[in-house]
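Before any comments, here is the structure.
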Amino acid sequence: MRCATALAAAVLLLVARPAAPAEPGGSGHPLGIGEPRAPEPFTLAQRYLDAARRGDRATLERALELGADPRAKDDLGRSALLLAAMDVGSLELVRLLHARGVPVDEPDLGGRTALSFAAGGGRLEIVRWLLEQGAQLDRPDVLGRRPLYHAVGNGARDVVAFLLERGADPNAADQFRDTALMQACVQGRGEIAALLLARGADPALRNQEGRTAADRAAPGTDACLPAAAP
72 MRCATALAAA VLLLVARPAA PAEPGGSGHP LGIGEPRAPE PFTLAQRYLD AARRGDRATL
132 ERALELGADP RAKDDLGRSA LLLAAMDVGS LELVRLLHAR GVPVDEPDLG GRTALSFAAG
192 GGRLEIVRWL LEQGAQLDRP DVLGRRPLYH AVGNGARDVV AFLLERGADP NAADQFRDTA
252 LMQACVQGRG EIAALLLARG ADPALRNQEG RTAADRAAPG TDACLPAAAP
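If you want my numbering, it's the position in the sequence shown, counting the first as 1, plus 71.
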């Protein structure tokens, strides 16, 4: 009997308790209920970098007017210019930020530059402009991978062709001794493999496992077979 009485009292207390207030400015859900919201940037530098990442020129310029450091970086060592080149691919913002003093060739903590990300993203206009401003064509990241390697990995044929025309080394190897040709072959990118071979890529090179591009080629990638090499 006592247990039943205690249970009834507990139920009454729960019913009588007022509902949790809605989160101010939220979706109307009581606190602790519903989908959690991602934390919003709160410092001036964070708002500035977030604007660069989203391609929001108005917010970015306002942050600069309020005193944001143009050369601020995020936790991964990425500048606003690098973020603009990487995430939204905005040549307009890249130019604006460079005019405000942000270097074009400053690497992040992984050693990747704006050129590396633009090449990997297939953003030819940004790649061309960055090189015109003096970005290093064959600068490696911490894994020894160059912009050409990243362009191949994304299947950005037009960027691959442009980088090769500008003198990118088709035989540059990363820390595992993998080359751009090996990357093209393992991904089955026959057209890009043929382009690399035509530009001097050496099909006889071996990685740290002793494997050539042909050894690693995806089925059906005929351009990677020894007979196809020029």
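Glycine included, C-beta positions come from ideal geometry on N, C-alpha and C.
Please classify T250: does DSSP put it in a helix, a strand, or coil?
For the purposes of this step, residue 250 is taken as residue 179 along the sequence shown, with counting starting at 1. Looking at T250 - three-state DSSP - the assignment turns out to be strand.
Buried or exposed (CB count within 10 angstroms, at least 16 for buried), R216:
On the sequence shown, position 145 is the one that residue 216 refers to. Answer is buried; the Cβ neighbour count reaches 16.
Take H100 and list the residues in its own chain whose beta-carbon comes closer than 6 Å to its own, dropping the five residues that flank it on each side.
On the sequence shown, residue 100 is found 29 positions in, with the first residue counted as 1. Unreliable placement is indicated for H100, whose pLDDT of 47 sits below 50; no coordinate value is reported for it.
Under 8 Å: do the segment 202-214 and the segment 148-163 share three or more Cβ pairs, one atom per stretch?
Under the three-pair Cβ rule at 8 Å, the segment 202-214 does not count as touching the segment 148-163.
Rounded to a whole number of angstroms, what is the C-alpha to C-alpha distance between L115 and A189?
Here the question's residue 115 lines up with position 44 in the sequence shown. Here the question's residue 189 lines up with position 118 in the sequence shown. One C-alpha to the other measures close to 26 Å.
From the DSSP output, in three-state form, read off A255 for me.
If you number the sequence shown from 1, residue 255 lands on position 184. Three-state result, A255: helix.
Note down the Cα distance separating V173 from G281, rounded to an integer number of angstroms.
For the purposes of this step, residue 173 is taken as the residue at position 102 of the sequence shown. For the purposes of this step, residue 281 is taken as the residue at position 210 of the sequence shown. Cα to Cα, the separation comes out at about 42 Å.
Could you tell me which uninterrupted alpha helix (DSSP H) segments, each at least 4 residues in length, are contained entirely in the segment 148-179, listed from first to last along the chain?
DSSP runs (the alpha helix (DSSP H)) wholly in the segment 148-179: 151-154, 162-170.
On the criterion of 16 or more Cβ atoms from any shown chain inside 10 Å, does A129 qualify as buried, or is it exposed?
In the sequence shown, residue 129 corresponds to position 58, counting from 1. By the beta-carbon neighbour count (other beta carbons within 10 angstroms, threshold 16), A129 is exposed.
A122 versus P218 - alpha carbon distance
For the purposes of this step, residue 122 is taken as residue 51 along the sequence shown, with counting starting at 1. For the purposes of this step, residue 218 is taken as residue 147 along the sequence shown, with counting starting at 1. Cα to Cα, A122 sits roughly 25 Å from P218.
Can you tell which of R118, V230, P274 has the C-alpha that lies nearest to the C-alpha of L137?
Position 66 of the sequence shown, counting from 1, holds the residue named residue 137. For the residues R118, V230, P274, the minimum Cα distance to L137 belongs to R118.
Whole angstroms are fine: how far does the CA of D229 sit from the CA of R303?
Because the chain spans 72 through 301 in this model, residue 303 falls outside it and cannot be assessed.
Hey, would you say G224 sits closer than 8 Å to G191, going by beta carbons?
Counting from 1 along the sequence shown, the entry for residue 224 is found at position 153. Counting from 1 along the sequence shown, the entry for residue 191 is found at position 120. If you check the CB distance, G224 and G191 come in under 8 Å.
Note the first and the last residue of the continuous alpha helix (DSSP H) segment covering E236.
Walking along the sequence shown from the start, residue 236 turns up at place 165. For E236, the enclosing alpha helix (DSSP H) covers residues 228-236.
Going by DSSP in three states, A123 sits in which element: helix, strand or coil?
By 1-based counting over the sequence shown, the position of residue 123 is 52. If DSSP states are grouped into helix, strand and coil, A123 belongs with the helices.
With respect to the alpha helix (DSSP H) encompassing R270, which residues constitute its N-terminal and C-terminal limits?
What you label residue 270 is simply residue 199 of the sequence shown in a count that begins at 1. First-last for R270: undefined, no H or E at that position.
With R194 as the anchor, note down where its alpha helix (DSSP H) starts and where it stops.
For the purposes of this step, residue 194 is taken as the residue at position 123 of the sequence shown. Premise fails: R194 is in no alpha helix (DSSP H) and is neither H nor E.
Taking the alpha carbon of L274 as the point to measure from, which residue in Q258, P241, E132, R124 has its own alpha carbon closest?
Here residue 274 refers to the residue found at position 203 when the sequence shown is read from its first residue. Position check: residue 274 holds Pro in this sequence, whereas Leu was assumed. Of the listed residues, the one whose Cα sits closest to P274 is P241.
Among E236, W200, G238, D245, the one whose alpha carbon lies nearest that of H221
Position 150 of the sequence shown holds residue 221. Of the listed residues, the one whose Cα sits closest to H221 is D245.
What do you get for V213, buried or exposed, if any count of 16 or more other CB atoms within 10 angstroms of its CB means buried?
Position 142 of the sequence shown, counted from the start, is the residue given in the question as residue 213. By the 10 Å Cβ count, V213 comes out exposed.
Would you mind giving the Cβ-Cβ distance between T292 and A264, rounded to the nearest angstrom? I have them listed as a contact below 8 Å.
The residue given as residue 292 occupies position 221 in the sequence shown. The residue given as residue 264 occupies position 193 in the sequence shown. That pair is a contact at about 7 Å.
Between R287 and R125, what straight-line distance do the alpha-carbon atoms span, to the nearest angstrom?
As a working note, residue 287 is residue 216 in the sequence shown. As a working note, residue 125 is residue 54 in the sequence shown. Annotation: R287 to R125 spans about 38 Å, alpha carbon to alpha carbon.
L131 to Q254, Cα distance in whole Å?
Taking the first residue of the sequence shown as position 1, residue 131 is located at position 60. Taking the first residue of the sequence shown as position 1, residue 254 is located at position 183. Whole-angstrom Cα-Cα distance: 37 Å.
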